[in-house]
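This report refers to the structure that appears directly beneath it.
Chains as they are written, first to last, in my numbering: chain A, 710 to 886; chain B, 3 to 826.
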């Protein structure tokens, strides 16, 4: 079967998607039925976002859409036009780790690491809403992110440590990039 | 092997060497791999549980645009299997399917959608056969035989061992307790679905990246199934997004993509859907068990007769080992003078069961620890006191010839009793609140490899660089348990350098020396000891070169804080990098190796290969919970758990493993079920999984998880690296029986099976209210035609580890005696 003779199967015309991804303008052609997970992982090579169930049940595919945690496997990429998406790859500021990233690494918040991207982004959104979140609020916020390794306890402790580190950080002057 | 206590790396809480990659999303899992011109594979899986394949028509599928290749059973003539004794699987079924999900064809296409569409257009004509679904019925359903091997009919394995005359002991016991328990099956549910990518190079050599816990075993199976020399195959284990035993077997999809890549001359990738992972399974065997235990008047065990029936599913997998494991570890905790165990595994038309965290030992431990709770109540003894009075002694052989080294069980029990306030709570809390105690023991690595040989179980190579950096090469695989970090810590400690300048290259059959894989909690002990040996050999080279350079006796040189210096005047010394340069100048390019093989086991009887281990870990847990008598709902408030670890290499990792075990144990105790139902007759009447999705298959979320108080008992074991024993599986074992015992303490009903669901609690409460016994659980164990038990006298009855009635061994023993008499 020679490659040349294979006609591309008929599908709805692709659409040009413009959106902000990790702080940068992103332009890419997507098919109407592609999920945001597929576009991030297979078109844009950002494999930090994971998939565990493709049915919106495990939370591993969580990204931030306009600052809110969403399940990217239930989101059509075309729905993100003109909006901002943040993935785990965007959590660092240049070479600087986000306090959640260093705390999770030091306190056992990650073991196999597969749920970690989704958990980090959900926790990041929580701390932006509630900088001094209680353990009960942390439990509630993360209840959609299944983890099979840690039993969650060291995840809670890592988020609480990140809260302390964020409180100690000097407030960034407004003009910072 | 140094056990000194001025340790700088070992025992210190640290970030794991590979954890920052995980929190920045840089860790590359199997499905993250994309290669140029890569094709995608989808499997067509049987929708019938048991059927003959009459005809398979791929013509329509082949004609679809974008389809490159279709493979069927014809393309895979050779069978394979993880255990030498059950080579019963084929990459794609040829003439018979044995469970819903058994793969019959594979489509390789430009993308997944095309492959999926093409797979659906393959027409298969089946002739349905009788479905074997119930393990008890399977014992007599010889007609619908799944396999043409095994004992007889659908009985895959049947074994019986008698360590001393148990019936005699029970007859002379003050009390004999007989209980039947049922432990439901459950699945690993690792967050990462199985994935694999295969690539062939122009010389026909194949590289397989796969989310596997055992690249070495996949390597061997690929060579067999593909009929290729192993030198042409390279298996690279990607970091597993969770394994828990679910990725220790060799899988159809791994072999299919390897053959496809060779045929297409292009890389081929497959990633299973979550539903497919449920049907791959290889998880916890459902086990029905009967335990008869004799107890003396003063509350000591006189003997135990355990019988287990395992619902094995459609293929062998690790099943023979699982069957042995249901009987092997019972005598490790409390002194058991005589012990008999009979175990039977049957085939059924369901996804095959295999090893899940604890591999065959949580089930019988559940029964044993719940029965002990009943014994304590009958004898009017506190459950903790009952256990403390009969805990096994260190450095003893058990009745079934397992060599116990260090045993911190008594200390574990005392710690959790103290920490939980047990004395003020047990049988003293108001209705609806209760505490339960249970213990467990687990092995630190299987003493015998899956295929018998005299070679090491683990090998490590070190490369020392002139800049002072060290690279460790080892075949081990990090499945999230922290094995890379353990390797780095061992080498850094021995060479006195920081783990930060140690790199690990692991799980690559072309680059790393063989390690058998991540299973049976063997990795810390076996790769750790191999790494220590390699590092000590490197240290000797460096020490002799530096001794010459500094004119200081080599024995006085110490390696610490990145320096090599004279103990008697620490200022005299060189940096580690300078030491490497000195040694390389003196000896040439530096490289050392280390390896580890477990000690020989005392168990000489046939089948004694399952259970022996270099060291055993112990755990004790107290569960503090509430039961709502109206709804039956159970809320676990707190779990106190003490674990005898020998020495924690990285306390952050160790605590994570203990809490992870409690989490998984609570899942099995309260909600997880790998269960099946029949489709309506007018549809297919097929036996399908009842909840093959992560929402329907219940597991604990962050809202369900109680607080866990962890206590580590550290009494270094001489067989462990820096004294370390396992922690990846042991702490799971006491959790389920402790929950059952706490439910009894809370509302006075016995749920002698898992999961312990609100429905069962309510049913038992109602039964009790109507004057019944207040128990939910199995009531009988089927009578099975057991073979004549191998009789092995325990060590204290003159036994030598051999069985006295094994025809084969009898001849060998006689030959042995003749040689001695003729030559002496």
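Think of the CB as a built atom: it goes at the ideal place given N, C-alpha and C, for glycine as much as any other residue.
Candidates the options: closest to residue i by CA position
i	options	result
residue 830 (chain A)	A:852, A:879, A:795 and A:791	A:795
residue 503 (chain B)	B:493, B:511 and B:631	B:493
residue 286 (chain B)	B:360, B:344 and B:265	B:360
residue 781 (chain B)	B:755, B:767 and B:802	B:755
residue 31 (chain B)	A:843, A:780, A:758 and A:735	A:758
residue 775 (chain A)	A:751, A:732, A:858 and A:769	A:732
residue 211 (chain B)	B:201, B:205 and B:219	B:201
residue 243 (chain B)	A:820, A:726, A:799 and A:867	A:820
residue 97 (chain B)	B:136, B:149 and B:67	B:149
residue 715 (chain B)	B:56, B:380, B:51 and B:729	B:729
residue 187 (chain B)	B:582, B:280 and B:743	B:280
residue 278 (chain B)	B:259, B:195, B:235 and B:632	B:195
residue 37 (chain B)	B:431, B:564, B:660 and B:270	B:270
residue 664 (chain B)	B:114, B:629, B:741 and B:553	B:741
Beta-bridge partners of residue i, as assigned by DSSP
i	result
residue 168 (chain B)	In the DSSP output, where bridge partners are listed per residue, residue 168 (chain B) has none listed.
residue 53 (chain B)	B:99 and B:130
residue 575 (chain B)	B:567
residue 533 (chain B)	Per DSSP, none; premise fails for residue 533 (chain B).
residue 271 (chain B)	B:42 and B:199
residue 306 (chain B)	B:295 and B:341
residue 795 (chain A)	A:773
residue 691 (chain B)	B:678
residue 821 (chain A)	According to DSSP, residue 821 (chain A) bridges with nothing at all.
residue 465 (chain B)	B:473 and B:593
residue 159 (chain B)	B:347
residue 209 (chain B)	B:201 and B:236
Distance between beta carbons of residue j and residue i, contact taken as under 8 angstroms
i	j	result
residue 721 (chain B)	residue 617 (chain B)	5 angstroms
residue 861 (chain A)	residue 193 (chain B)	Not a contact, Cβ separation roughly 13 angstroms.
residue 328 (chain B)	residue 289 (chain B)	6 angstroms
residue 615 (chain B)	residue 446 (chain B)	5 angstroms
residue 763 (chain A)	residue 705 (chain B)	Not really, about 23 angstroms apart at Cβ, beyond 8 angstroms.
Cβ shell of residue i (< 7 angstroms), same chain only, five flanking positions each side left out
i	result
residue 541 (chain B)	496, 497 and 561
residue 170 (chain B)	none
residue 655 (chain B)	18, 484 and 487
residue 415 (chain B)	386, 389, 390, 441 and 622
residue 91 (chain B)	81, 82, 83 and 317
residue 760 (chain A)	746, 769, 770 and 782
residue 870 (chain A)	812 and 816
residue 451 (chain B)	459 and 518
residue 686 (chain B)	49 and 50
residue 140 (chain B)	134, 156, 348, 349 and 350
Sequence-distant residues of its chain with Cβ nearer than 8 angstroms to residue i (five each side left out)
i	result
residue 609 (chain B)	161, 163, 326 and 792
residue 712 (chain A)	Residue placement at residue 712 (chain A) is flagged as unreliable, the pLDDT there being 48, under the threshold of 50; a coordinate-derived value is accordingly withheld.
residue 874 (chain A)	808, 811 and 812
residue 72 (chain B)	60, 63, 64, 107, 108, 109, 110, 120 and 124
residue 589 (chain B)	543 and 547
residue 748 (chain A)	726, 737, 739 and 786
6 angstroms Cβ shell around residue i - same chain, five flanking residues per side excluded
i	result
residue 902 (chain A)	Summary: the structure shown does not reach residue 902 (chain A), with chain A confined to residues 710 through 886, and so no result is reported for it.
residue 584 (chain B)	547, 548 and 551
residue 214 (chain B)	220, 239 and 249
residue 105 (chain B)	45, 47, 94 and 254
residue 765 (chain B)	778
residue 157 (chain B)	348
residue 216 (chain B)	250 and 519
residue 35 (chain B)	199 and 211
residue 799 (chain B)	166
residue 735 (chain A)	728
Any non-hydrogen atom of the ligand MN within 7 angstroms of residue i CB
i	result
residue 457 (chain B)	Questions concerning the ligand MN fall outside what the structure shown contains, since it holds no ligand whatsoever.
Could you check whether the region 765 to 780 of chain B touches the region 691 to 710 of chain B, counting it as contact only if at least three pairs of C-beta atoms, one from each stretch, sit closer than 8 angstroms?
no
Any contact of the region 249 to 266 of chain B with the region 136 to 145 of chain B, i.e. 3+ C-beta pairs under 8 angstroms?
no
Would the region 471 to 479 of chain B count as touching the region 500 to 517 of chain B if we require 3 or more Cβ pairs under 8 angstroms?
yes
Would you check if the region 586 to 600 of chain B and the region 637 to 651 of chain B touch, i.e. whether three or more CB-CB distances between them fall below 8 angstroms?
no
Should the region 829 to 846 of chain A be regarded as contacting the region 664 to 682 of chain B, the criterion being three or more beta carbon pairs within less than 8 angstroms?
no
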